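Trainee: In our numbering, the protein residues as written are 682 to 775.
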Amino acid sequence: TKTIIMAGRDGTEYTYRLSLISEDEPCKKCGGITFRYLAEIWDEQKGWIQLPEYDGNYYCSNDVCDEDGLKPHEFEKLFLSIQQNAKNIDLEQE
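(1) Out of curiosity, what's the CA-to-CA distance linking ARG837 and PHE760?
(2) Tell me where the alpha helix (DSSP H) around SER742 begins and ends.
(3) Just tell me which of GLY713, GLN726, GLU748, GLN731 has its CA closest to the CA of SER777.
(4) DSSP three-state label for LEU751, please.
(5) Can you round the beta-carbon distance between LEU699 and ILE686 to whole angstroms, since I take them to be within the 8 Å contact cut?
(6) Taking all protein chains shown into account, decide if THR715 is buried (16 or more other Cβ within 10 angstroms of its Cβ) or exposed.
(7) Kindly identify the DSSP beta-bridge partner or partners of LEU732.
(8) Quick check on LYS758: does DSSP put it in helix, strand or coil?
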């Protein structure tokens, strides 16, 4: 789990939490361990609120699997780019 604090356009700070959660089912292609990503935002009134727009992202731990999805650093970069409204997203650059 990684916590990220970002300032909004109005100067308000927002706290996000990105987590990798192990799935019960193995990868359908290779049988490797699969993980899904959970993105949440902190709300003072309600606590952690899930951001469902990131639910479709996953990661297979087997490096040679062609179904490996987004690696953790790629998912974090995608998440930050979307939250910051970036126009060009280069997932390969770290």
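Cβ coordinates follow ideal geometry from the N, Cα and C atoms, glycine included. Note that this is a predicted model, so its numbers are computed, not measured.
Mentor: Per the coordinate set shown:
(1) With the chain represented from 682 up to 775, any question about residue 837 goes unanswered, as that position is not in the structure.
(2) By one-based count along the sequence shown, residue 742 stands at place 61. Careful: SER742 lies outside any alpha helix (DSSP H) and carries neither H nor E.
(3) This structure cannot settle anything about residue 777, because the visible part of the chain is limited to 682 through 775.
(4) For the purposes of this step, residue 751 is taken as the residue at position 70 of the sequence shown. It is coil, neither helix nor strand.
(5) Against the sequence shown, residue 699 aligns to sequence position 18. Against the sequence shown, residue 686 aligns to sequence position 5. Incorrect: roughly 12 Å between the Cβ atoms, too far for contact.
(6) Counting from one through the sequence shown, the residue named residue 715 turns up at place 34. Answer is buried; the Cβ neighbour count reaches 16.
(7) Start at 1 with the first residue of the sequence shown, and residue 732 comes out as number 51. Its beta-bridge partners do not exist; DSSP assigns none.
(8) Taking the sequence shown and counting its residues from 1, the one referred to as residue 758 is at position 77. Of the three classes helix, strand and coil, the one that applies to LYS758 here is helix, per DSSP.
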